[in-house]
Structure formats: structure tokens, C-alpha cells
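Undergrad: Below is a structure I'd like to ask you about.
In the numbering used here, the protein residues as written are 262 to 584.
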């Protein structure tokens, strides 16, 4: 539904403007218009199609949001898809991204998203407190929205940074199933963020190069600042991924070392038992044994063979430094 509408006309800022003729407002070059739609329905689709003349494929992308970050050039507007983080997202639960579709024109912005956006609500509140923010130009309003969306990643990266150090210590000290699940969960979050951040950098890079006629040259520096933030976030995610990979390698190496030590002990025990088993099997046969004709001396001979063999193997292993 159409969530809110902000308008500046004749140097007067009108906030939360509901009743208006959009086409007439768009024809006025001195008019700046921002319309925000949340959970768009058929009525919103009709507004986008009939009032703004947006392409049907762009509208479809808004109604069924399953797109990676992108920017598309149309005759009178640009269609931009950006992803932010749901406000409730934390490191302890699966991360859910919020797709925000933006139509940017000469004197209008239309934002469309399925769920409430902290970034967009922050900009709205800023406008309510100081309506003259809108009078600075549609490109700076667009920058304010992008800047809030990108800055929303930083709290999550800080949580990741805190968790990585703790998980490293826990896995190396106690590689239980629970700690491994935490490790894999954190790795999934990092990969999900990288999947969005990388194409999003491409979009912001284009916005900061001066290719968009609706963005003034003097304002490009603000978009380059957003791009720098994305670069920083991307570098942090790469570093986190490398740290997790190294932690996994150390964990697997430690597990392999412990497994080898266990196998070594079991092998030594089995090696000691082999000659003893052979001797006891030989003397356990149900046939007369010449060794036992000497009475009790036969038992001494058997025990002597077993003890002597064990001592011999022990000395041999020590000499080879296998023990």
C-alpha cells in the first residue's frame, strides 16, 4: 500500500501529502516528489503504471521481489534494486535481507519494499523534523536513503567480528557439534552478505561515476562515500571469511592429529596382543603338547614366551621411537 508521500512545491514542503494529482506534480519542474510503498498491492501497481508510466517488468519486480542488486536505464527514470537488512536481524538467527526497489526520475523518487525499512523510516523522520531536507534536491534525498541502507550493515558486521573471536576459541578448545553449528551458521551469514554486497558495489559504483543525469556532478562525492562504505564492508567480509577458513583448517588439523594419536595407541595395543594371541592359541589346541610333559614347567615356559615377546616388542618400539 502507499505508505507515505512527501512533496515540495513552490518552495513549500508538504509532508504526508495524500491527496494529489501525481501527473500534474511531475510536470512541474520545481516540484520534488517522494512516494513510499510498503507491501505493494494492485492499487499501488496501478499508480506505478498509470500515473508514473513505469515499465511492466519493473512493476513486476516490485510485486515479486526476488532480485539481486541492479540498475536499469529507462527513458524517463532509472530502476534500482538495493538490499538492506531487516531490523530484527541478529547474528544469532538467520539473516533476512529486505529488497528495496527504487524508481529515480528527474524530480521524483518512488521506493517499494515488502516490509518496514529502518533506513527509509529514519529518512522520513528526518524530513518530518526538518522538511527543508527535501528542498536540497532529489539526488541528495536518494543519497540519504542509500546511505542509511548501507550503514545498516555495520551493526551486523560488528556482531560478526565479536562472534568470530569467541567461536575460534570455543572450537579450538571444545570442538563439539554445537560449536560447529555456530561456526557454520556464521559462515552462512557471511556468504549471504557477500552475495548481496558484491553486486551492490557495482550499482553504487555506477551511481558515483556521473553516468546518471539526475545526479548533479557536485553531489557525486556523496555517492562515492557510500561506495567507500560498501568497499569497507566487502573487505571486512573477505577478512572474516578468511579467518573462518583458517579456523576450520586448524580445527581439522587438530582433529586429524588427535585421530592419528588414537590410532597409534590402538595399533600398539593390537601389536602387543598379536604374539600373545598366537602363543595362547598354539597352547590352547586340543592335542597333546610335548611342552607340558614336564608338568608345571610347561606353564612357566608359556608365560616366559609371552612376557619375553612383550618386552622385546616394547624395546623394539622404543628403539624405533614409535612410542
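For each residue, glycine too, the CB sits at the ideal point set by N, CA and C.
(1) Note down, in chain order, each residue of its chain lying with its Cβ closer than 6 Å to the Cβ of residue 448, except the 5 sequence neighbours on either side.
(2) Just to confirm, is the Cβ distance from residue 332 to residue 467 under 8 Å?
(3) Round the Cβ separation of residue 380 and residue 406 to the nearest angstrom and send it over; I've been treating them as touching at under 8 Å.
(4) Whole angstroms is fine: what's the gap from residue 398's alpha carbon to residue 420's?
(5) For the alpha helix (DSSP H) that contains residue 403, what are its first and last residues?
(6) Rounded to a whole number of angstroms, what is the C-alpha to C-alpha distance between residue 493 and residue 450?
(7) Could you tell me the alpha carbon to alpha carbon distance between residue 330 and residue 321, rounded to whole angstroms?
(8) By Cβ distance, which residues of its chain are closer than 7 Å to residue 316, with the 5 residues on each side in sequence left out?
(9) Which runs of the alpha helix (DSSP H) spanning at least 4 residues fall entirely within the segment 422 to 500, listed in chain order?
(10) Could you tell me whether the segment 407 to 416 touches the segment 379 to 394, where touching means 3 or more Cβ pairs closer than 8 Å?
(11) Taking C-beta to C-beta, are residue 358 and residue 457 nearer than 8 Å?
(12) Using the DSSP secondary-structure output, state which residues sit across from residue 266 in a beta bridge.
(13) Which whole-angstrom value is the C-beta distance of residue 404 and residue 483, which I expect to be below 8 Å?
TA: Taking the geometry as given:
(1) 505
(2) yes
(3) 6 Å
(4) 35 Å
(5) 399 to 412
(6) 17 Å
(7) 15 Å
(8) 335
(9) 438 to 468
(10) yes
(11) yes
(12) 296
(13) 5 Å
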